[in-house]
Each structure stands twice: as structure tokens, then as C-alpha cells.
Amino acid sequence: MEEIPTNPDAESRLVQWFVMRDLTRPNAKWPAYRLLNNEDIEYFTPMTPRLTVRRGKREQEMVPFIHDLLFVHASRETLDPFVEKIATFQYRYLRKPWRQPMTVREEEMDRFIRAVNTVERPRYYRPDEITPEMYHRRIRLMGGQLEGYEGYLLSTRGSKVKRLLVELPGLLAASVEVEPEYIQLLNE
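This is the structure in C-alpha cells:
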């Protein structure tokens, strides 16, 4: 997590990635990410496909992987009116120091979004779903869309596909498919 400047005036104008909560129900017609989309505020919420039945027909729709997790790229000055107006839209706070909103560094968030957007269907994981057995080898990608990315090769039983694990520590992880010819093993 990133430290926020101590100057309150500079803090309110600083554009950064805030970690937000959406307390609406999963079947809400207007979840927070749709409201932000209408306001032209940059946001990211990891989406995953889900099969639903509408009017007797099965349809696949994209829904948030974790319904109450939302990343918003804006300043406090821009976000505070939305938080005050919409009771179900809140900042996520750090436990210590008290009442300091959680943020993600710009580089980490850009790296995560870029990696996730390179594949059609990334696999998302909650922090408690990643076990030490899943971390296989440390790698660097030498070519392709994710050239220069470093991380761990994800090991999943029975899978022949090579996947790179990209994380936002403590919040979310995603695995993206990588081509074996671009993988360079790193010594640890």
C-alpha cells in the first residue's frame, strides 16, 4: 500500500488508485462500477463470466469477481462527493494508521491491468486461495505482450498451460497465460 502525503490539501488533489467497497447486493441494477462509468471516472473491477438464466434462456454475462472490490483512479476531492451521496460506496481503510484509505501504487496497478487485459479470460484468485505450493519458479518474460514482466510461474495440477501469477499483495491475484518460448527462468 502507498503512503498518502500528510498535507491535507495536497492529499485531496492527488490522483491515485483508491481501493473501494461496493456494498450493494450482487444482483443490484446499479452497482458502483456502473455509476462511475456514467460519470467518466477511471475504475477497474476484475470481471469474470457467469452463466445466468433470463426469460428461460441461458446467457453468459460478465460480473465482478469480488463484488465489493473496486479500484478507482481519482483524487479524494473527486471521490468524496460520490462517497457522501451513495451510502453503499465506501473507501477501504488500512487498520493502522486509523482512517487512512487504502491505495495501490500507480505502477503496480498499471502492471496488473495491463497483464489482465492481454488475455481474454484471466483467472482471478483471492489472497487466501494462493498457496505456497502454487508458486513454482521465478520467471521473466523475454518477448510477447508482457515483455519484461517478472513473477512466479503458476503451478496447477493437471494443466499443461503456462501461467504467470500477477499480484496486488493482500488484495487480489490473477494468472495470465504465457507462451513457453518467452519464459526465462531466474535464479533465486
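If you're matching positions, the sequence shown starts at 2 in our numbering and goes up one per residue.
Each residue gets a CB set at the ideal place from its N, CA and C atoms; glycine is no exception.
Everything numeric in this text was worked out from a predicted model, so none of it was measured.
Reducing DSSP to helix, strand and coil, say where L24 ends up. Within the sequence shown, residue 24 is the residue found at index 23, counting from 1. In this structure, L24 counts as coil in the three-state DSSP scheme.
Does the Cβ-Cβ distance between L172 and L165 come in under 8 angstroms? Here residue 172 is taken as the residue at index 171 of the sequence shown, counted from 1. Here residue 165 is taken as the residue at index 164 of the sequence shown, counted from 1. Taking 8 angstroms as the Cβ cut-off, L172 and L165 do not qualify as a contacting pair.
Under the rule that 16 or more other beta-carbon atoms within 10 Å means buried, what is W18, buried or exposed? Against the sequence shown, residue 18 aligns to sequence position 17. With 16 or more other Cβ atoms within 10 Å, it is buried.
Roughly how many angstroms separate the alpha carbons of N39 and P123, rounded to a whole number? The residue labelled residue 39 in the question sits at position 38 within the sequence shown. The residue labelled residue 123 in the question sits at position 122 within the sequence shown. Rounded to the nearest angstrom, the two C-alpha atoms are 26 angstroms apart.
Mapping DSSP to helix, strand and coil, what is L71? Here the question's residue 71 lines up with position 70 in the sequence shown. Here L71 sits in strand by DSSP.
Start and end of the beta strand (DSSP E) containing P65? As a first step, residue 65 must be located in the sequence shown, where it is residue number 64. Looking at the DSSP string, the run of the beta strand (DSSP E) that includes P65 is 58–65.
Beta-carbon within less than 7 angstroms of N188's beta-carbon, same chain only, minus the 5 sequence neighbours each way: which residues are those? Along the sequence shown, one-based indexing puts residue 188 at 187. No residues qualify anywhere along the chain.
Pairwise C-alpha distance: M143 and Y183: As a working note, residue 183 is residue 182 in the sequence shown. As a working note, residue 143 is residue 142 in the sequence shown. Those two C-alpha atoms are separated by around 5 angstroms.
Nearest to L169 by CA position, among P27, E60, R112, is which residue? Reading the sequence shown from its first residue, position 168 is the one you call residue 169. The shortest Cα separation from L169 among P27, E60, R112 belongs to R112.
Bridge-paired residues (DSSP) for R106: Within the sequence shown, numbered from 1, the residue matching residue 106 stands at position 105. Answer by DSSP bridge pairing: none, since R106 is not bridged.
How many angstroms separate the CA atom of I5 from the CA atom of A33? Here residue 5 corresponds to residue number 4 of the sequence shown, with the count starting at 1. Here residue 33 corresponds to residue number 32 of the sequence shown, with the count starting at 1. Confidence is the limiting factor: at I5 the pLDDT is only 49, short of 50, which leaves the residue's position unreliable, though a coordinate-based value still follows. I5 and A33: Cα-Cα distance of roughly 24 angstroms.
Helix, strand or coil for L80 per DSSP? As a first step, residue 80 must be located in the sequence shown, where it is residue number 79. In the structure shown, L80 sits in a helix (DSSP, three-state: H, G or I).
Taking the straight line between their C-alpha atoms, what separation do you get for G149 and D41? Walking along the sequence shown from the start, residue 149 turns up at place 148. Walking along the sequence shown from the start, residue 41 turns up at place 40. Spanning the two alpha carbons is a distance of roughly 31 angstroms.
Secondary structure at E85, three-state DSSP: helix, strand or coil? The residue given as residue 85 occupies position 84 in the sequence shown. Reduced to three states, the DSSP call for E85 is helix.
Cβ-Cβ distance between F45 and F66 below 8 angstroms: Working through the sequence shown from its first residue, we reach residue 45 at position 44. Working through the sequence shown from its first residue, we reach residue 66 at position 65. Taking C-beta atoms as the reference points, F45 and F66 fail to come closer than 8 angstroms.
Put R115 into one of helix, strand or coil per three-state DSSP. Taking the sequence shown and counting its residues from 1, one reaches residue 115 at position 114. Helix.
Give me, in chain order, the residues of the same chain whose beta-carbon lies closer than 7 angstroms to that of F83; leave out the 5 immediate sequence neighbours on both sides. Within the sequence shown, residue 83 is the residue found at index 82, counting from 1. These residues qualify, in order along the chain: F90.
Out of P47, R127, I131, S176, which has the shortest C-alpha to C-alpha gap to L147? Residue mapping note: residue 147 aligns to position 146 of the sequence shown, counting from 1. Nearest option by C-alpha distance: S176.
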